[in-house]
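The structure appears below as structure tokens.
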Amino acid sequence: MTKTLKLLLISILAISMFLVGCGKTNESAGGKKATNTGGASKKDTLVFARGGDSTSLDPITTTEGETFKVTINIFENLLTYGEQDTTIHPGLAESYTVTPDGLTYTFKLRQGVKFHDGTDFNADAVVFNFDRWMNGDADKFPYYTMFGGYKKDEGHVIKEVKAVDENTVQFVLKRPQAPFLKNLAMSPFGIASPTAVKKYGDKFRENPVGTGPFKFVEWKQNDRITLVKNPDYWQKDLPKLNKIIFRVIPENTARLNALANGEIDLMDGLNNSDEASVTSNDKLQVIKRPSMNVGYLAFTNTRKPFDNKLVRQALNMAIDKKSIIDSFYGGKALAAKNPMPPSIEGYNDAVEAYPYDLEKAKALLKEAGFEKGFSMDLWAMPVARPYMPEAQKVAEVIQESFSKIGVKAKIQSVDWATYLDKAAKGEFDAFMLGWTGDNGDADNFLYTLLDKDSIGSNNYAYYSNDKLHDILIKAQTESDQSKRNELYKEAQVIIHDDAPWVPLVHSTPLIAAAKDVTGYLPHPTGSEVLSKVEFK
Amino acid sequence: MFTYSVRRVLALIPVLFGMTLVVFSIIHAIPGNPAQIILGQRATKESIASLTEQLGLNNPWYIQYFDYIKALLHGDLGTSLRTRGPINHEIWPYLAATMELALVAMLIAVIIGVNAGIISAWFSKSWFDYVAMVLALVGVSMPIFWLGLMEQWGFSIHLGWFPTTGREDVRDPISAITNLYLVDTLLQGRFDQFGVVVKHLVLPSFALATIPMAIIARMTRATMLEVMKSDFIRTARAKGLRMFWVVYKHSLKNAVIPVLTIIGLQTGLLLGGAILTETIFGWPGVGRYLYDAIGYRDYPVIQSGILIIAAIFVLINFVVDLLYVVVDPRIKYTK
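Top to bottom, those sequences are chains X and G. Counting in the numbering used here, the first sequence runs from 1 upward without gaps. Counting in the numbering used here, the second sequence runs from 1001 upward without gaps.
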């Protein structure tokens, strides 16, 4: 027995000595390696770190933003957005024509483009992809609802997609859909190789094959996704990088530590409070993502006393947005007055923001019959989002403000899954939430978030206004953009008056990168093609 | 002994079965609809309804439970709701990552903890004793989250000795065979990569080792003090035996049983408690796999993940019980 114990102790000692020894030898090896890659040969691998992993690599099967960050580099769409805005540009389609009635779109496709598996991109491939999606359903291809439903649904906008010839594809619509082209450019509608879709079946979500600048290599779940350069990419001299590795590091501070230590080159989700430490580090740089979001405090408009417009207006006047922005957004967000950001076409700048005026707020409460105020629950999100990095603290400021007009707000929180579920069921008095635009269209904010059709999905405020509904539906089918803009401006006036929310901020999300990263242009949608990124 | 082992193994079955029932009930009592979470904030009510139906979440709970157990008996841990992949296949890399981390952490905790406890007892009431026990007290009460970030700040950013996050150099990735990277790199003869893996292990394993290390140190000190007071030790010392032998041969042998118990318990706790360490150090382990699954209400993953961890926990305790016999021949398991 003693022998066994002795043996055990000795072997443990030996192993630990061995481990220590290895640690040391490796230190020098690692050091050498670092100088090699940093010095003589140019760096061509980008390590991009983010907070969460993708759920699928077949972009149409999910609505989760982390997925699109990767897939937009593998798949391409018929049309694409501008480098840093949501204007429409040619993608896999070189050009298009629309009939005056807005019902037939004809796309001329780029020639000589090949999928990563070597098969040809052509009109049949486009038809195959749309047929696949429209014959599916909402849980297979959730974002396809952007086209009004599925083949069997009455609301489905696309009547037919047909190949006119090898390089021409035609979409015939049942009725005009104003954001149609913008929808086509959304990341979920990347064109996949039909051969690969048939070959992999359900496993296509782990084996993506598109025409994009990078090819998929490997996915180690919750750890990393590796892409390599597509040598046959149709855009000359692109991509600049040889390899991209998307890493998952859940904790914001740990991610920044990894960046400062040179293990990663680029990270999203930089805390506003960490900005100073990045700017003071001469090896790092801060990059700002153009804003296309809104963070808001919504009232469940069907619950008392929030069913009273005067109460909602009073609470709108009781929040000092400027001090919130100064304290929790490093002063770099825009105070919101409409439910959509000014970068979206149709934004109504003439709407006058509710002033921060506690006396007026009290007067309105009195008029509504709540002279002595009331008690309410104020729900704060448990997670950080680009539009709301520190929900709990913002809630405390709002609580303090409300107390000044006699409204006792009790701050509540619950885990994110339950939060969304309860909000969707209308179980909250008031709650904080936000939205990042998908396609840069006003419809994607106003109809999606505040139309009565969206109650139960994204209209968590249970706000319903028939007049607004008519305007938003009309705007969906109106093909003249200036007329559409007028309709949206009118809609914003109605929403402002009804005050279903307190629109709080349009934030500018921050990204941190190593100093030698150039050519990185963050996109307002959050998913960007990294083909022009390189190292100095 | 053999009969005892067989009986213990058989007794595991109802324990694990009960476990499944408890876990299943708790998970299904948490509010939140997986379909809503999977489809995200942007989901429409139609898509949520249709996915709920497809996932079988509309069925009464006992039917869902029965289906789960039936699959389990066929060795099928289920399908992840989120990734739609089979858990049998998915879970191993995570489990391997955690096991590697936990084993190294436990090794550190045992070597340092036991020795610190012995030396403290040996030189009881000396400065070493006081310092070690204060450190142990700090260690027990130190938040891992804070400790982890401080380690990164000190040892990575300032001293540059160790990487901050991950298991490997992603620019020179390891090709996995067993997913235990220490083993994989050795199997492939990649000693440079073996070194890289060791470097990646240092900070997270120390963070994870802190608490068990402190507990083991305090336990060892207490039992050693007890043993060293006893008559046979006095006799051994009176015979003129060198102190080193008295301590490491006679005393430790008699003090080891409670220490062994603590080591077993702590190893189990380590497996379950690795979530924070894994989050801070970007370690793709089973703790984070489970944590994410809870966030997504990925019922099958939560159920099977907890079941596996529970099984390992029970197994470790079983092994510890058997080790008692090896350490102390007076202990006999009859029948």
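All C-beta atoms in this analysis are idealised placements derived from N, C-alpha and C, irrespective of residue type, glycine included.
Between residue i and chain G, is the shortest Cβ-Cβ distance under 8 Å, so that the two count as touching?
i, result
"residue 82 (chain X)", "no"
"residue 197 (chain X)", "no"
"residue 222 (chain X)", "yes"
"residue 263 (chain X)", "yes"
"residue 132 (chain X)", "no"
"residue 22 (chain X)", "Confidence at residue 22 (chain X) is low in this model, with a pLDDT of 42, below 50, so the placement of that residue is unreliable and no value is reported for it."
"residue 254 (chain X)", "yes"
"residue 251 (chain X)", "yes"
"residue 421 (chain X)", "yes"
"residue 389 (chain X)", "no"
"residue 142 (chain X)", "yes"
Use the C-beta contact count for residue i: other C-beta atoms within 10 angstroms, 16 or more gives buried, fewer gives exposed.
i, result
"residue 1234 (chain G)", "exposed"
"residue 1011 (chain G)", "exposed"
"residue 1329 (chain G)", "exposed"
"residue 1019 (chain G)", "buried"
"residue 21 (chain X)", "Residue confidence for residue 21 (chain X) is low, a pLDDT of 41 falling below 50, so the modelled location carries little weight; the figure read from the coordinates is stated next. Exposed, by the Cβ-count rule."
"residue 523 (chain X)", "buried"
"residue 272 (chain X)", "buried"
"residue 1123 (chain G)", "exposed"
"residue 154 (chain X)", "exposed"
"residue 352 (chain X)", "exposed"
Quick one: give me the first and last residue of the alpha helix (DSSP H) that residue i is part of.
i, result
"residue 285 (chain X)", "No alpha helix (DSSP H) contains residue 285 (chain X), which is instead part of the beta strand (DSSP E) from 284–288."
"residue 252 (chain X)", "252–260"
"residue 1089 (chain G)", "1087–1122"
"residue 1319 (chain G)", "1299–1327"
"residue 131 (chain X)", "123–134"
"residue 419 (chain X)", "416–424"
Following the continuous beta strand (DSSP E) through residue i, name the residue where it begins and the one where it ends.
i, result
"residue 387 (chain X)", "It is not in any beta strand (DSSP E) - residue 387 (chain X) carries neither H nor E in the DSSP assignment."
"residue 1228 (chain G)", "Note, residue 1228 (chain G): premise wrong, no beta strand (DSSP E); alpha helix (DSSP H) at 1191–1228."
"residue 226 (chain X)", "224–229"
"residue 50 (chain X)", "45–50"
"residue 491 (chain X)", "Here residue 491 (chain X) belongs to no beta strand (DSSP E); instead the alpha helix (DSSP H) covers 481–498."
"residue 519 (chain X)", "Taken as a continuous stretch (DSSP letters only), residue 519 (chain X) belongs to no beta strand (DSSP E), as it is neither H nor E."
"residue 1295 (chain G)", "Premise fails: residue 1295 (chain G) lies in the alpha helix (DSSP H), 1286–1295, not in any beta strand (DSSP E)."
"residue 169 (chain X)", "168–173"
Mind listing the chain G neighbours of residue i? Cutoff is C-beta to C-beta under 8 Å, in chain order.
i, result
"residue 47 (chain X)", "1170 and 1171"
"residue 511 (chain X)", "Going along chain G, no residue has its Cβ under 8 Å from residue 511 (chain X), so there is no contact; the nearest lies around 18 Å."
Residue i by DSSP, collapsed to three states: which one?
i, result
"residue 65 (chain X)", "helix"
"residue 433 (chain X)", "strand"
"residue 218 (chain X)", "strand"
"residue 469 (chain X)", "helix"
"residue 1074 (chain G)", "coil"
"residue 503 (chain X)", "strand"
"residue 156 (chain X)", "coil"
"residue 142 (chain X)", "helix"
"residue 374 (chain X)", "strand"
"residue 1027 (chain G)", "helix"
"residue 455 (chain X)", "strand"
"residue 31 (chain X)", "Residue placement at residue 31 (chain X) cannot be trusted, given a pLDDT of 36 that sits under 50; the coordinates are not used to answer."
"residue 476 (chain X)", "helix"
In chain G, what lies closer than 7 Å to residue i by C-beta?
i, result
"residue 456 (chain X)", "1045"
"residue 44 (chain X)", "Within chain G, no residue comes near residue 44 (chain X); the closest Cβ sits about 10 Å away, beyond 7 Å."
"residue 416 (chain X)", "1295"
Name, please, each residue of chain X whose Cβ falls closer than 7 Å to the Cβ of residue i.
i, result
"residue 1054 (chain G)", "139"
"residue 1164 (chain G)", "254, 257, 258, 261 and 263"
Mind pulling the chain X residues with CB within less than 8 Å of residue i?
i, result
"residue 1258 (chain G)", "None at all; the shortest Cβ gap to chain X is about 16 Å."
Let me see if you follow: with CB-CB separation under 8 Å, is residue i close to chain X or not?
i, result
"residue 1188 (chain G)", "no"
"residue 1152 (chain G)", "yes"
"residue 1262 (chain G)", "no"
"residue 1296 (chain G)", "yes"
"residue 1119 (chain G)", "no"
"residue 1100 (chain G)", "no"
"residue 1280 (chain G)", "yes"
Is any non-hydrogen atom of the ligand SAM found closer than 7 Å to the C-beta of residue i, if you look at the structure I gave you?
i, result
"residue 1067 (chain G)", "Looking at this structure, you won't find the ligand SAM or any other ligand, since it has none at all."
What does residue i reach in chain X if we use C-beta pairs closer than 9 Å?
i, result
"residue 1292 (chain G)", "52, 53, 222 and 250"
"residue 1289 (chain G)", "221 and 222"
Which residues in chain G have a C-beta closer than 9 Å to the C-beta of residue i? List them in chain order.
i, result
"residue 245 (chain X)", "1170, 1171 and 1173"
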